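First up is the structure itself, then whatever we jot down about it.
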Amino acid sequence: MQKSLKLSAAFLSILALCAGVALQRTVAQPQTKKLNVLFIVADDLNTSLSTYGDAITKSPNLDRLAKRGVKFDRAYCQYPLCSPSRTSFLSGRRPETTRIYNNATDPRTNLKDVVMLPEYFKQHGYFTARIGKIPHDTYNSLVSWDVSEDADPSAYFVPDEDGSEVADRTKPPDAERMNYRGRTGLSRDALLKQLKPGDEGGVPLTWRATNTKDEDEPDGNTARRVAKLLEANQDKPFFIAAGFHKPHLPWIAPKKYFDLYPQARMPLPATPANDRADIPAPALTHHSGDEVLTDAQRRQAIAAYHAATSLMDAGVGILLDTLDRLKLSDNTIIVFIGDHGFHLGEHGGLWRKLTLFEECARTPLIVVAPKKRANVVSPRLVEFVDIYPTLAELCGLPAPVGVEGLSFARLLDNPKQAWKKAAFTTLARRNLMGRSVRTERYRYTEWGDEMTAELYDHQTDPHEFTNLVNDPKAAPVLAEMRKTLKEGWRAAVPASLRGAATTGATRQTGKLEVIRSPHARFANLPGYWLHSMGSNHMTLKSTRAPRPLYEDAVLQAPFLRDLSWTQTATPIRSTRTALKEKQ
């Protein structure tokens, strides 16, 4: 008995000792610190950057950023316009689901309960803040942040040549920053009055060099305010967003940035004389002010765009310097994007956005993440809807529900691994819906139907000058690209990764209506849209399945006012079984 007690006592002593050692080990191990996120968005920025091989633009800070992380060479927005694109990457949903096709529609119209990207981080204990344009300006209040502040409202002003500013009469008085020299210039309101019927894409091309300092410019001001936020919140996990306005029009920057780009040295885009002969009319945008530009003015405009880009790049440098100074670089994920691309006179005089050509759909994307690859390029296709799930995974958060993208976190370890085979971009043009699919070699675009289409081979034609749709030799490729577009984004994900691609909201029974606008007609049932085939016919398309459920359902426009839709277990091939007119 005594021996048994001694053994028991010895056992308890050993147990206590082990527990003490375990406790010491537990205490000794520091708790894993959450990764921070710095999300940087530039406005109207194409890939005319030195890190993307452009020989003109001076963007040393983006060069510096790319050396720290992974530069994506084939990153694509889902819609080439500010609000639709931003709504898409903030929600992780595609335009066919958000149904935001212009800057005038409230993003919450169809996304009432959707948790936006910064809100998701806020729910998981992050301090969230934005300075500048992250959602489209008009809708900043529709996304919840701990701190939410607009850019300097002079971002849209065209100042006098001496550098003075003008109050923007399109904003409420309490939002105006009065000009500091008492002089006047040209307001955005005055610029908009110059537009003519049919003009697309915003204000006329407008630029001016100023005598201001960087900190007096809206983007310089934004960078410094974000730097203060980083310093004030360095001891907590944060998701902080910097929304730079440039190189959005008007192209205003201090004279020193214009001096980087002598106008006489600015090359004009090389375009074949017959370039537009094989381009369908809906593929082209129009702005009357662009048609009267002289070659000298075109060179001035290109120089001004690059000057505005260099001003924005300087703001990026301030943020990188701040992270380094605060010793936050090793614990902060940095994502840099442009919300969509921008034309600089290509295809015989296209400017601004609102096309499905490569210059508009392709965008810069640079991601820096602790313990991931650095100074490498990924040639794989990624989309803006992928950003939301990627950041969630990198920060160890649960996979967000309902997003329609695929986390590309693994590409930060292996940038060349097998990945999705296609990226998709959408654009509403007048009464048509344009849909474009990009593979690593080809771009295929449909405007309303297969009869109005474009096919480009980027291996031999990187500037998309030759439409191969009617080339008999391209018939096999054309058939494959049509199939890829029809099957949609889910089918573009490799089979081995389809479990990682989260799905959108499940299909539901609901009312199907047609919303008429100057641009297009669309269904308001989540996940479905009306594909225009002319003024009298439409086809109901689905983004929810590997193949469109209603690819044969041709609807007569007069009967689209009040229809109901019922989910069925099998693919529907008959209009009568798919849709019933309400009595």
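Residue numbers (numbering that gives the first Met the number 0): 0 to 582. From the three backbone atoms N, C-alpha and C, an ideal C-beta is built for every residue, glycine too. Since we're looking at a predicted model, the values are computed, not measured.
DSSP bridge partner residues for residue i (one or two, in chain order)
{"i": "N35", "result": "T331"}
{"i": "F71", "result": "S377"}
{"i": "W206", "result": "W250"}
{"i": "Y119", "result": "None; Y119 has no bridge partner."}
{"i": "T424", "result": "S435"}
{"i": "T362", "result": "A74"}
{"i": "W350", "result": "L343"}
{"i": "L89", "result": "Its beta-bridge partners do not exist; DSSP assigns none."}
{"i": "W597", "result": "Missing from the structure shown is residue 597; the chain here goes from 0 to 582 and no further."}
{"i": "F237", "result": "F126"}
Residue i versus residue j - alpha carbon distance
{"i": "K419", "j": "P493", "result": "6 Å"}
{"i": "A427", "j": "I365", "result": "28 Å"}
{"i": "D460", "j": "K227", "result": "46 Å"}
{"i": "I333", "j": "N102", "result": "27 Å"}
{"i": "S140", "j": "Y100", "result": "20 Å"}
{"i": "H123", "j": "L48", "result": "35 Å"}
{"i": "K170", "j": "H135", "result": "Confidence in K170 is poor, its pLDDT being 35 and thus under 50, which makes the residue's placement unreliable; the coordinate value appears in the next sentence. Near 15 Å, if we compare the C-alpha coordinates of H135 and K170."}
{"i": "Y119", "j": "A474", "result": "45 Å"}
{"i": "E148", "j": "E214", "result": "17 Å"}
{"i": "L318", "j": "A222", "result": "7 Å"}
{"i": "R506", "j": "R489", "result": "Residue confidence is low: R506 scores 32 on pLDDT, short of 50, so the model does not pin down where it sits. Its coordinate-derived value is still stated next. Distance between the alpha carbons of R506 and R489: 15 Å."}
{"i": "L327", "j": "F383", "result": "26 Å"}
{"i": "S143", "j": "P117", "result": "8 Å"}
{"i": "L390", "j": "A398", "result": "10 Å"}
{"i": "G219", "j": "A478", "result": "49 Å"}
{"i": "K485", "j": "M265", "result": "41 Å"}
{"i": "W206", "j": "D43", "result": "15 Å"}
{"i": "K636", "j": "P246", "result": "Any answer about residue 636 is impossible in this case: the structure gives the chain only from 0 up to 582."}
{"i": "G433", "j": "F341", "result": "17 Å"}
{"i": "L229", "j": "T483", "result": "44 Å"}
{"i": "R298", "j": "I55", "result": "12 Å"}
{"i": "N109", "j": "L343", "result": "34 Å"}
{"i": "A456", "j": "M450", "result": "The sequence shown places Asp at residue 456, not Ala. Approximately 19 Å between the Cα atoms of the pair."}
{"i": "S87", "j": "A272", "result": "37 Å"}
Assumed close pair residue i, residue j - CB separation to whole angstroms, cut-off 8 Å
{"i": "K352", "j": "G197", "result": "About 16 Å; that fails the 8 Å criterion."}
{"i": "H443", "j": "L454", "result": "Just to set this straight, residue 443 is Tyr in the shown sequence, not His. Indeed, because the Cβ distance is near 5 Å, the residues count as touching under 8 Å."}
{"i": "A306", "j": "W250", "result": "7 Å"}
{"i": "R107", "j": "V381", "result": "Not quite, the Cβ-Cβ distance comes to about 27 Å (not below 8 Å), so this is no contact."}
{"i": "A422", "j": "Y51", "result": "The pair is not a contact, with the Cβ atoms about 17 Å apart (cut-off 8 Å)."}
{"i": "T425", "j": "Y78", "result": "6 Å"}
{"i": "G288", "j": "L405", "result": "That pair is no contact at about 41 Å."}
{"i": "V291", "j": "L248", "result": "Not confirmed; about 17 Å, so no contact."}
{"i": "R361", "j": "T46", "result": "6 Å"}
Residues near residue i in its chain [Cβ-Cβ closer than 7 Å; skip 5 each side]
{"i": "Y125", "result": "P236, F237 and F238"}
{"i": "G347", "result": "T270, D274 and R275"}
{"i": "Q416", "result": "R409 and L410"}
{"i": "V468", "result": "A452, E453, L454 and L477"}
{"i": "D412", "result": "K371 and R372"}
Of the listed residues the options, nearest to residue i (C-alpha basis)
{"i": "R67", "options": "A300, R372 and G131", "result": "R372"}
{"i": "E379", "options": "V36, N330 and E439", "result": "Reading off the sequence, residue 379 comes out as Arg, not Glu. Of V36, N330 and E439, the residue nearest in Cα terms is E439."}
{"i": "Y387", "options": "V69, P79 and R93", "result": "R93"}
{"i": "K212", "options": "D470, M450 and A313", "result": "A313"}
{"i": "I278", "options": "Y441, W446 and L322", "result": "W446"}
{"i": "P83", "options": "Y51, T205 and H339", "result": "H339"}
{"i": "Y260", "options": "G91, A302, L477 and P414", "result": "A302"}
{"i": "D53", "options": "S406, A491, P268 and H457", "result": "P268"}
{"i": "S234", "options": "K32, E403 and P363", "result": "The identity of residue 234 in the sequence shown is Asp, whereas the question assumes Ser. Residue K32 is the option with its Cα nearest to D234."}
{"i": "I39", "options": "F335, Y138 and Y304", "result": "F335"}
{"i": "T465", "options": "T362, F356 and V202", "result": "F356"}
{"i": "D320", "options": "N35, R63 and V36", "result": "R63"}
{"i": "V436", "options": "R481, D412, L325 and C359", "result": "R481"}
{"i": "N35", "options": "K132, A300 and L396", "result": "L396"}
Cβ neighbours of residue i in the same chain (closer than 6 Å, five flanking residues each side left out)
{"i": "R224", "result": "I130"}
{"i": "L393", "result": "I332, A368 and A408"}
{"i": "A252", "result": "A306, A307 and L310"}
{"i": "A41", "result": "F243, M311 and G337"}
{"i": "G316", "result": "N60"}
{"i": "N374", "result": "K66"}
{"i": "A208", "result": "K254 and F257"}
{"i": "S377", "result": "V69, F71, L410 and P414"}
{"i": "D470", "result": "none"}
{"i": "G91", "result": "V384, Y387, V402 and G404"}
{"i": "D105", "result": "none"}
{"i": "L37", "result": "I239, T331 and I333"}
Neighbourhood of residue i by C-beta, 8 Å cutoff - its chain only, sequence neighbours within 5 removed
{"i": "L283", "result": "R275, H346, L349 and T354"}
{"i": "A295", "result": "Q262"}
{"i": "K121", "result": "T127, S143, W144, D145 and F238"}
Interface flag, residue i vs chain B, CB-CB below 7 Å
{"i": "L283", "result": "Note that chain B does not occur in the displayed structure, where there is just one protein chain."}
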